[in-house]
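Let me begin by presenting the structure, written as structure tokens, before commenting on it.
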Amino acid sequence: MSTSVPSYWRNIPVYLSMKGSKCNKCGAKYFPPRKVCVKCGSKDMSEYELPRGGRLIAWSIVRYPPKEFDEFAPYIVGLVELDDGLRVIAQIVDVEVDQLHVGMRLKSTVRRIYEDGSRGIVRYGYKFIPDHLGETETSQ
Amino acid sequence: MPVYVKGVGLTKVSEHWEKNLVELAVEAAEDAIETGNINPKRIDKIIIANAVSQYLLRQSHLGPLIADYLGLRGIPAISIEAAGASGAMALHMGFREILSGAENILIIGVEKLSDNLSEEVTGAIALAEDWEFLAGLGITFEAIQGIMLHHYLNRYNPPRENIAKMAEISHKHAAKSLHAMYPFPTTVEKVLKSPPYADPLRLLEIAGRGDGAAAVILSRNDGDVEFLTSESATDVFRLFERDDILNLNAVYEATQRALSKHNLRLNDINVLELHDTSTIMAVLELEAMGFSERGKGHELLANGTLELNGKIPANTFGGSKARGDPIGATGVYQFVEIYKQLIEDAGFNQIDNAKVGMSVTIGGVASTAVINILRRR
């Protein structure tokens with residue numbers, strides 16, 4: 000199934016800059032962003048950019064992906080707790096699985112997610128890399 | 000007003016190359032109508048449970064399609080979807096139809112997966128989780144469970160064998176089941192030596208996906224088995240937004256509601272159907288239902304509690320692992336299997352003196368949970 004261009008376009012700030020939202024009334028933070036705070040019911044929300052750094056809590060390896068992701072397999076996906084306490088599940092790249100450990104420092108970066116065939120869009124989005132790596136390594 | 004189970008039917012879970020979705024549904028439904036000795040004209044409504052036919056088979060609107068092939072033109076029919084919980088949810092809705100005054104409701108759970116490549120099925124299954132921020136970023140349903148298992152191992156440090164034991168139990172029961180997809184035993188050792196699938200989950204820890212259909216007729220007219228209660232709950236949709244990824248809140252909520260309505264205790268449950276989409280989910284379900292404290296559910300697998308002669312026999316026809324998991328139909332299979340135990344029609348897998356049976360069925364990683372309880376009169 001082809002990827003909807005408007006759906007991707009709407010999410011560009013979320014996929015590329017990890018923009019979440021924050022409730023101006025109770026302070027609750029959300030990623031992905033919400034327009035209504037489910038903790039206090041307030042609609043007074045503002046944009047909130049997630050910290051880039053976090054630590055790895057748990058991970059798995061996708062060995063049998065849907066076909067859009069075939070070229071990447073096997074690849075690592077992990078639960079990451081960001082430095083503000085928000086959590087996200089994302090791909091972990093530029094690292095071998097035997098180098099991973101619980102609590103490992105990671106940081107978010109932008110990478111190609113998949114190409115939607117020869118005529119569709121190329122989707123980009125956040126993935127995580129080890130904190131000590133530079134910004135120029137773009138193997139995935 | 001009591002709700003009774005009048006007739007049941009099912010097909011073997013398998014790769015049914017020669018049959019399409021409608022033929023499977025009709026086979027199970029005709030079986031239920033016949034065993035229930037129901038006049039088809041007195042069926043008030045048909046509720047179809049299906050999870051992925053729109054995506055894989057490009058077919059929606061299953062209600063009138065299946066009603067037509069059953070020769071029940073004119074009778075209202077609708078299909079519902081709640082991912083892996085579709086079948087249990089259709090029963091949940093049928094239960095309430097009877098409470099609202101209907102006489103007979105036909106529930107059919109049906110899924111056809113083998114017409115598609117396995118990578119397409121993987122894509123379809125992943126849709127039970129959020130597309131924009133999980134499936135669409137390459138995070139599969141199985142990998143989400145892999146993350147949960149990894150976290151469980153790290154937090155509680157159980158013997159790894161205890162968790163793999165779920166697959167051994169399911170296969171042991173499937174070996175004597177006539178409708179199981181994988182009717183042969185396996186061992187914990189083989190499970191842990193099978194290829195990694197979504198690490199740390201191994202291939203033999205993941206539900207076996209197959210085609211199948213199961214059907215039930217619910218009725219307000221007297222029967223041998225009462226459909227005592229059906230409760231459902233939801234949880235935070237995305238796993239990573241939950242306070243604790245190992246806490247299946249929806250399973251807990253639905254269980255509490257179901258038990259408290261009838262003053263039941265877990266001790267009253269004689270037969271149990273867990274939804275082992277993977278070994279770890281069965282463990283987390285046991286903990287959320289309250290059969291063990293948190294971090295100790297795996298002990299119930301290791302100490303024989305869930306065996307046919309144990310205190311709470313579970314997955315007595317092989318569960319999702321070995322009976323097979325026809326996604327949207329699974330909840331109906333669980334229901335039929337409990338019914339068979341209660342009326343002592345479970346063949347080689349019959350357990351002694353089962354009076355009350357309970358199933359837990361999950362959609363996604365339990366963002367939907369349904370608890371159905373049956374009681375022999």
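Quick note, the sequences are listed as chains A and B, same order. Mapping to numbering that gives the first Met the number 0: the first sequence position 52 is 51, numbers consecutive. Mapping to numbering that gives the first Met the number 0: the second sequence position 332 is 331, numbers consecutive. We put the CB at the ideal spot given by N, CA and C, even for glycine. This structure is a prediction, so every number in the text was calculated from the model and none was measured.
Among residues of its own chain, excluding the 5 on either side of residue i, which ones have a beta-carbon nearer than 6 Å to its beta-carbon?
i: residue 25(B); result: 68, 69
i: residue 13(A); result: 31
i: residue 235(B); result: 241
i: residue 287(B); result: 247, 250, 251
i: residue 298(B); result: none
i: residue 232(B); result: 249, 252, 253, 368
i: residue 277(B); result: 144, 200, 204, 205
i: residue 38(A); result: 25, 27
i: residue 59(B); result: 53
i: residue 124(A); result: 14, 112
Check whether chain A comes within 8 Å of residue i, counting only Cβ atoms and requiring the distance to be less than that.
i: residue 118(B); result: yes
i: residue 137(B); result: yes
i: residue 140(B); result: no
i: residue 80(B); result: no
i: residue 308(B); result: no
i: residue 149(B); result: yes
i: residue 239(B); result: yes
i: residue 380(B); result: Residue numbering for chain B in the displayed model covers 0 to 376; residue 380(B) lies beyond these limits and cannot be assessed.
i: residue 351(B); result: no
i: residue 198(B); result: yes
i: residue 166(B); result: no
List, in chain order, every chain A residue whose beta-carbon is nearer than 7 Å to that of residue i.
i: residue 297(B); result: The contacting residues do not exist; residue 297(B) stays about 17 Å from chain A at best.
i: residue 133(B); result: 88
i: residue 153(B); result: 57, 101
Which one of the options has the shortest CA to CA distance from residue i?
i: residue 64(A); options: 142(B), 130(B), 115(B); result: 142(B)
i: residue 41(A); options: 21(A), 94(A), 110(A), 47(A); result: 21(A)
i: residue 77(A); options: 374(B), 239(B), 354(B), 362(B); result: 239(B)
i: residue 322(B); options: 225(B), 335(B), 311(B); result: 335(B)
i: residue 245(B); options: 289(B), 294(B), 206(B), 269(B); result: 294(B)
i: residue 376(B); options: 267(B), 105(B), 222(B); result: 222(B)
i: residue 304(B); options: 232(B), 316(B), 373(B), 269(B); result: 269(B)
i: residue 320(B); options: 310(B), 333(B), 42(B), 309(B); result: 333(B)
i: residue 370(B); options: 7(B), 229(B), 45(B); result: 229(B)
i: residue 161(B); options: 146(B), 300(B), 366(B); result: 300(B)
i: residue 80(B); options: 33(B), 9(B), 20(B), 108(B); result: 108(B)
i: residue 86(A); options: 99(A), 72(A), 36(A), 17(A); result: 17(A)
Residues in the same chain with beta-carbon distance under 7 Å from residue i, minus the five sequence neighbours each way, listed in chain order, please.
i: residue 61(B); result: 47, 49, 52, 78
i: residue 130(A); result: 52, 104, 105, 106
i: residue 123(B); result: 51, 54, 55
i: residue 29(A); result: 19, 20
i: residue 113(A); result: 67, 68, 122
i: residue 167(B); result: 185, 186, 187, 190
i: residue 343(B); result: 349
For residue i, would you say it is in contact with chain B, using Cβ-to-Cβ distances shorter than 8 Å as the test?
i: residue 98(A); result: no
i: residue 139(A); result: Low confidence applies to residue 139(A): its pLDDT is 49, below 50, so where it sits in the model is not reliable, and the reading given next is rough at best. So, not an interface residue.
i: residue 23(A); result: no
i: residue 124(A); result: yes
i: residue 5(A); result: no
i: residue 31(A); result: yes
i: residue 47(A); result: no
i: residue 71(A); result: yes
Mind checking whether residue i and residue j have CB atoms under 8 Å apart?
i: residue 302(B); j: residue 172(B); result: no
i: residue 98(B); j: residue 2(B); result: yes
i: residue 195(B); j: residue 62(A); result: yes
i: residue 328(B); j: residue 22(B); result: no
i: residue 176(B); j: residue 184(B); result: no
i: residue 128(A); j: residue 92(A); result: yes
i: residue 281(B); j: residue 165(B); result: yes
i: residue 312(B); j: residue 12(B); result: no
i: residue 81(A); j: residue 49(A); result: yes
i: residue 261(B); j: residue 360(B); result: no
i: residue 60(A); j: residue 150(B); result: no
Closer than 8 Å by beta-carbon distance: list the chain A residues that pair up with residue i, in chain order.
i: residue 125(B); result: 65
i: residue 195(B); result: 60, 62
Along chain A, in chain order, which residues have C-beta atoms closer than 9 Å to that of residue i?
i: residue 121(B); result: 63, 64, 65, 66
i: residue 244(B); result: 56, 57, 78, 86
i: residue 145(B); result: 57, 58, 59, 60, 61, 76
Sorry if obvious, but does the Cβ on residue i come closer than 7 Å to a heavy atom of the ligand ADP?
i: residue 102(B); result: Although the ligand ADP was asked about, the structure shown includes no ligands whatsoever.
Along chain B, which residues have their Cβ under 8 Å away from the Cβ of residue i?
i: residue 112(A); result: 135, 136, 137
Who are the near neighbours of residue i in its chain, counting only those whose CB is closer than 8 Å to its CB and skipping five residues on each side?
i: residue 138(A); result: Any reading at residue 138(A) must be qualified, since the residue scores a pLDDT of 48, below 50, and its modelled position is unreliable; the value itself is stated next. Result list for residue 138(A): 92, 93, in chain order.
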